[in-house]
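Chemist: Below: one structure in structure tokens.
Chains as they are written, first to last, in the working numbering: chain A, 1 to 154; chain B, 155 to 308.
See the structure below:
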């Protein structure tokens, strides 16, 4: 999808997204890279044996699949937030649709609603064919203004 | 209550530095140790929610093997996983994750679990997951040469 009949536009990575990615060691563990395509974040993980959960198939670990969608959504949200806003994940519901093979894996996320204090998002992960997603998720984020006291949960 | 155990970890579990803790119940218990790669950011002292999710997913899958009805060798795949993050998880000590299998049927198993700190008992996340049982557990023809593989959940 997106390759036939329409052109995709790739844009330079905003400094905020670049900084977020560089400051996240866990994103490095997942081999994550980011591009802006048609104005939205698209993530890519090269994947490797170190990310495997089932060595027999082999298949990516469920935690890798969930984490890739989590990071994709977080980056997309921070891409859309004002520079003085920040967000943290509250909950996540992941549907695993197909096993993730150890091949390049791509992610996109959408904001369903961005309010003053929360954001509701979805994310999708695919590999060779965007029309055959390997996982789908819905997430809630808490949003706050930087400078205000960051929310303390629990 | 807790003793060492040599249960096998998947590659991603080893990547993140998880290890198994033996308990005196049918629950399984995993420990996520403090390390730079599971930090939220390089400057923070918080566990990354993605690393917590991965540990929860790993424990959820393994606890099914502890169920009285489990038949040795039965393969499984995560169908759905829901996580609520209840509190920020400071890296003052290792994080423990326990999971128990609530029901085990012909096709599916239901699991609940939580992540907490041992010293205070403070819960930082809870999980609820559904697993498909008897899913394919070997690479299918074509999987290794880049062709599409039939869905594991079908």
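Here a beta-carbon is modelled for each residue, glycine too, at the ideal position from N, C-alpha and C.
Using a Cβ cut-off of 9 Å, which residues of the segment 85-116 of chain A contact any Cβ in chain B, in chain order?
Modeler: Taking 9 Å as the Cβ-Cβ cut-off against chain B, the residues of the segment 85-116 of chain A that qualify are 88, 89, 90, 91, 92, 93, 94, 95, 96, 97, 98, 99, 101, 103.
Chemist: Quick one, which residues of the segment 61-76 of chain A are near chain B if we go by CB-CB under 8 Å, in chain order?
Modeler: Flagged, chain order: 61, 62, 63, 64, 66, 67, 70, 71.
Chemist: Does residue 239/B get closer than 7 Å to chain A when you measure Cβ to Cβ?
Modeler: Here residue 239/B refers to the residue found at position 85 when the second chain is read from its first residue. Residue 239/B counts as touching chain A.
Chemist: Name, please, each residue of chain B whose Cβ falls closer than 7 Å to the Cβ of residue 52/A.
Modeler: The residue labelled residue 52/A in the question sits at position 52 within the first chain. Result: 164, 165, 166.
Chemist: Among the residues of its own chain, which have a CB less than 7 Å from the CB of residue 16/A, if the five just before and after it don't count?
Modeler: Taking the first residue of the first chain as position 1, residue 16/A is located at position 16. Contacts found: 78, 83.
Chemist: With DSSP run on the structure shown, which of helix, strand or coil describes residue 271/B?
Modeler: Stepping through the second chain from its first residue, residue 271/B is reached at position 117. DSSP places residue 271/B in coil when its eight states are reduced to three.
Chemist: Quick one: which chain A residues come within Cβ less than 8 Å of residue 236/B?
Modeler: Within the second chain, the letter at position 82 stands for residue 236/B. 91, 92, 93, 94, listed in chain order.
Chemist: Give me whichever residues DSSP pairs with residue 110/A in a beta bridge.
Modeler: On the first chain, residue 110/A is found 110 positions in, with the first residue counted as 1. Its beta-bridge partners are 122/A.
Chemist: Who are residue 232/B's beta bridge partners in DSSP?
Modeler: Sequence index remark: in the second chain, residue 232/B carries index 78 (1-based). Residue 232/B pairs with 285/B.
Chemist: So, helix, strand or coil for residue 173/B, using DSSP?
Modeler: Translated into positions along the second chain, residue 173/B becomes position 19. Three-state result, residue 173/B: strand.
Chemist: What are the boundary residues of the beta strand (DSSP E) that includes residue 197/B?
Modeler: Taking the first residue of the second chain as 1, we reach residue 197/B at position 43. Segment: none, residue 197/B is in no beta strand (DSSP E) and carries neither H nor E.
Chemist: Per DSSP, what are the beta-bridge partners of residue 70/A in this structure?
Modeler: One-based indexing of the first chain puts residue 70/A at position 70. Paired residue(s): none; residue 70/A is not in a bridge.
Chemist: Could you work out which residue in 86/A, 80/A, 85/A, 93/A is closest to residue 239/B when comparing CA atoms only?
Modeler: Stepping through the second chain from its first residue, residue 239/B is reached at position 85. Closest option to residue 239/B, Cα to Cα, is 93/A.
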